[in-house]
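A.B. asks: Before I ask anything, here is the structure I am working with.
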Amino acid sequence: MNGIKLILITLVAVWLEVSFFGALRPFGIIPNVFLVIILEAAAILPRSSDALAMAVGGGFLLDLSSGVDFGLRTGFFTFLTLLVTLMRRTGADFSRISMRLTAVMSGTILYNLAVLSTLALSHSTIPVGLVAEKIIIEIVENIILAVVLHYPIRKLIENQHPNIPVIPRVE
Amino acid sequence: MRNRLSNRVLIVLVVGFVLVLAGLVGLLRPVERVIGVVTTPVARVFRISGTGTGSFFSFFSQIKNLNQENISLSNEVNQLKLQLAADAQMRAEDEILKQQLGFTQASTQVTIPAQVIAFQPDNFRAFITINRGKRDGLTDGMAVLSGGYFIGTLTEVSDDSAKVFLTIDPDFRVAVMDQNTQATGLVHGEIGQGMSLEEVPQDQTIKPGDTLVTSGLGGDEPKGLVIGQIETINHQDNAIFQTAQVVANVNLDQLDLVFVVTHS
């Protein structure tokens with residue numbers, strides 16, 4: 001039942017990103033819903049393999065939705081989840097809102113750099129101003145989503161494994 | 172227990188790596204088909220909800236512009252009516268000339284409507300997913316229209332869905348011709364969701380407002396599909412080619428219904 005909950009959260013996050021917000025596009029930008037949710041999951045779930053499975057599954061679905069660069073999103077979200085897990089092991093406290101919002105901002109910048117890096121190989125000029133504007137708007141949208149979704153996601157996925165004590169450091 | 176959990180992490184990583192590798196070599200087509208069948212109806216619901224929500228909010232933001240927009244559109248309709256009348260006259264004269272010269276009738280376009288169910292999950296590339304595929308007779312390379320404009324070509328066609336490579340994607344290229352002056356060039360997408368016209372020789376004439384159509388050269392797209400209009404020209408005397416900005420009167424961020432050209 002708990003595994004099914006994680007699968008449903010992953011599916012809904014992907015659908016929200018590629019279909020709902022893809023059509024809505026506040027200020028012309030699609031917010032990265034899955035990034036916000038996977039960071040939240042990686043910060044909360046006591047078992048990192050659960051967050052990693054969400055990252056692999058959701059990244060894979062996003063790669064299927066994408067027309068190019070198959071594997072980029074699977075690889076990126078897996079790397080991001082491992083990074084957050086490593087930071088938790090070394091004492092980073094993701095219960096603080098400043099830490100979570102910094103993670104969202106950094107994750108947004110890294111994700112867009114990963115997408116742009118594939119274009120940089122074939123394009124000699126990249127309009128830095130326009131790119132920066134789009135990334136800044138996306139950061140604002142992702143931060144708003146992180147604030148709005150934090151409590152609902154936390155209620156849904158905390159106590160994922162009631163028999164495993166929730167401790168700051170994970171394996 | 173620590174070892175069991177570490178093994179779990181390793182297993183997930185290996186599964187992810189295998190999935191990506193299998194996807195890259197094309198072994199996951201059956202999996203993609205199943206996922207497509209299951210997720211397409213739900214994705215459509217999410218997309219319709221998104222479009223509806225966007226329309227609701229945009230209504231309030233556009234109220235103050237409605238009157239001015241109404242006047243502007245009325246003027247444009249009147250001008251278009253006059254142009255249509257003139258075009259009808261020219262078409263009639265064209266038919267008479269064709270009959271006199273013994274020209275055969277050109278074939279008409281056959282299109283299939285398709286709904287957009289998903290968009291590219293980032294803000295710098297431009298692909299959409301539609302709910303038609305091989306079962307509807309679609310194949311890679313077919314042209315896609317929206318609002319009468321050529322907006323892209325089909326790619327990754329599966330049984331029940333297909334991706335559309337949009338003209339505003341930075342890697343998209345199509346050979347074009349100026350409908351007014353017959354100048355030839357290449358239109359490609361730009362990072363930032365625009366299009367530009369390039370490789371127009373200096374001795375060929377292009378003007379702002381000219382309509383660009385597909386030339387049918389070097390691709391599967393039929394000839395004569397309207398891509399957009401020239402907005403501004405970047406003219407440099409010491410450059411080999413002229414370049415220009417191209418604009419299409421269709422919002423490629425708000426696509427809902429598109430048409431795939433199956434025969435032309």
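The listed protein sequences correspond, in order, to chains G and S.
Each residue of the first sequence is one higher than the one before, counting from 1 in the numbering used here.
Each residue of the second sequence is one higher than the one before, counting from 172 in the numbering used here.
Just so it is clear, CB atoms sit at the ideal spot from N, CA and C, and this is done for glycine as well.
(1) Output yes or no for whether 8 Å exceeds the beta carbon distance between Phe21(G) and Ile9(G).
(2) Give the residues from the region 28 to 46 of chain G that approach chain S closer than 7 Å (Cβ to any Cβ), ordered along the chain.
(3) For my contact list, Val328(S) and Val345(S) are in at a C-beta cut-off of 8 Å; report their separation, rounded to the angstrom.
(4) Look at Ile137(G) and Leu6(G) and say whether their C-beta atoms are less than 8 Å apart.
(5) Using a Cβ-Cβ distance under 8 Å, would Ala314(S) count as near chain G?
(6) Restricting to Cα atoms, I'd like to know which of Ala419(S), Ala193(S), Leu198(S) is closest to Gly318(S).
(7) For Ile164(G) and Ser48(G), I'd like the C-alpha separation in whole angstroms.
(8) Report the option in Val56(G), Phe27(G), Glu40(G) whose CA atom is closest to the CA atom of Ser229(S).
(9) Can you tell me whether Val189(S) is helix, strand or coil according to DSSP?
(10) Quick one: what does DSSP say Met261(S) is sitting in, helix, strand or coil?
(11) Looking at the structure shown, is Asn405(S) part of a helix, part of a strand, or coil, going by DSSP?
(12) Along chain G, in chain order, which residues have C-beta atoms closer than 9 Å to that of Leu184(S)?
(13) Alpha carbons only, please: which of Arg179(S), Val431(S), Val180(S) is nearest the one belonging to Thr310(S)?
(14) At a Cβ threshold of 8 Å, is Glu392(S) touching chain G?
(15) In three-state DSSP terms, what is Lys334(S)?
(16) Can the beta-carbon of Leu145(G) be found closer than 8 Å to that of Val14(G)?
(17) By a C-beta neighbour count over all protein chains shown, 10 Å radius and 16 as the cutoff for buried, is Asn294(S) buried or exposed?
(18) Of all Cβ atoms in chain S, is any one closer than 8 Å to the Cβ of Ile127(G)?
(19) Tell me, please, which residues DSSP counts as bridged to Glu369(S).
(20) Is there contact here, the region 409 to 425 of chain S with the region 262 to 271 of chain S, by at least three beta-carbon pairs under 8 Å?
(21) Would Pro379(S) and Ile404(S) be called neighbours here (beta carbons separated by less than 8 Å)?
(22) Just to make sure I have the definition right: I need the residues of chain G whose C-beta is within less than 7 Å of the C-beta of Lys334(S). Which are they?
(23) The beta strand (DSSP E) that contains Ser316(S), what's its start and end?
(24) So, are the CB atoms of Glu361(S) and Thr414(S) less than 8 Å apart?
(25) For Val148(G), count neighbouring Cβ atoms within 10 angstroms of its own Cβ and tell me buried if that reaches 16, exposed if not.
(26) Check the DSSP bridge columns for Ile283(S) and list the partner residues they point to.
(27) Quick one: list the residues of chain S neighbouring Leu64(G), beta-carbon separation under 7 Å, in chain order.
(28) Find out if the Cβ-Cβ distance for the pair Ser332(S), Gly308(S) is shorter than 8 Å.
(29) Do the region 200 to 214 of chain S and the region 91 to 99 of chain G touch if we need at least three Cβ pairs shorter than 8 Å?
(30) Per DSSP, which one or two residues make a beta bridge with Gln397(S)?
(31) Please go through the region 37 to 71 of chain G and give each complete alpha helix (DSSP H) segment of 4 or more residues, from N-terminal end onward.
(32) Taking all protein chains shown into account, decide if Gln291(S) is buried (16 or more other Cβ within 10 angstroms of its Cβ) or exposed.
(33) Should Glu240(S) be labelled buried (16 or more other beta-carbon atoms within 10 Å of its own) or exposed?
C.D. replies: Looking at the coordinates:
(1) With respect to the 8 Å criterion, Phe21(G) and Ile9(G) are not classified as neighbours on the basis of their beta carbons.
(2) Identification of residues in the region 28 to 46 of chain G having a C-beta nearer than 7 Å to some C-beta of chain S yields Gly28, Ile29, Ile30, given in sequence order.
(3) With a Cβ gap of about 19 Å, Val328(S) and Val345(S) do not count as contacting.
(4) Not closer than 8 Å, so no.
(5) Taking Cβ atoms only, chain G never reaches closer than 8 Å to Ala314(S), which makes this a no.
(6) Comparing Cα-Cα distances from Gly318(S) to each of Ala419(S), Ala193(S), Leu198(S), the minimum goes to Ala419(S).
(7) Low confidence applies to Ile164(G): its pLDDT is 46, below 50, so where it sits in the model is not reliable enough to give any reading.
(8) Here the closest residue by C-alpha is Phe27(G).
(9) Correct three-state label for Val189(S): helix.
(10) Three-state result, Met261(S): helix.
(11) DSSP places Asn405(S) in strand when its eight states are reduced to three.
(12) Leu52, Val56, Thr78, Leu82, listed in chain order.
(13) Among Arg179(S), Val431(S), Val180(S), the Cα nearest to that of Thr310(S) belongs to Val431(S).
(14) Judged by the 8 Å Cβ criterion, Glu392(S) is not in contact with chain G.
(15) For Lys334(S), the three-state secondary structure derived from DSSP is strand.
(16) Contact flag unset, no.
(17) Label assigned to Asn294(S): buried.
(18) Before going on, a small fix: residue 127(G) reads as Pro here, not Ile. Under the Cβ criterion of 8 Å, Pro127(G) is counted among the residues facing chain S.
(19) In the DSSP output, where bridge partners are listed per residue, Glu369(S) has Leu357(S).
(20) By the criterion of at least three beta-carbon pairs nearer than 8 Å, the region 409 to 425 of chain S is not in contact with the region 262 to 271 of chain S.
(21) At a Cβ-Cβ threshold of 8 Å, Pro379(S) and Ile404(S) count as neighbours.
(22) Near Lys334(S) (Cβ distances below 7 Å), the residues of chain G are Gly67.
(23) For clarity, residue 316(S) is Leu in the given sequence; the question names Ser instead. Per DSSP, Leu316(S) belongs to the beta strand (DSSP E) from 314 to 317.
(24) Result no, Cβ atoms of Glu361(S) and Thr414(S) do not sit closer than 8 Å.
(25) So Val148(G) counts as exposed.
(26) Ile283(S) has Val431(S) as its beta-bridge partners, per DSSP.
(27) Glu203, Ile206, listed in chain order.
(28) No; because the gap between Cβ atoms is not below 8 Å, this pair is not in contact.
(29) Result no; under three Cβ-Cβ pairs closer than 8 Å.
(30) Correcting the residue identity first, residue 397(S) is Val in this sequence and not Gln. Paired residues: Val384(S).
(31) Runs found: 48 to 65.
(32) Answer is buried; the Cβ neighbour count reaches 16.
(33) Burial check for Glu240(S): the Cβ neighbour count within 10 Å stays below 16, so the residue is exposed.
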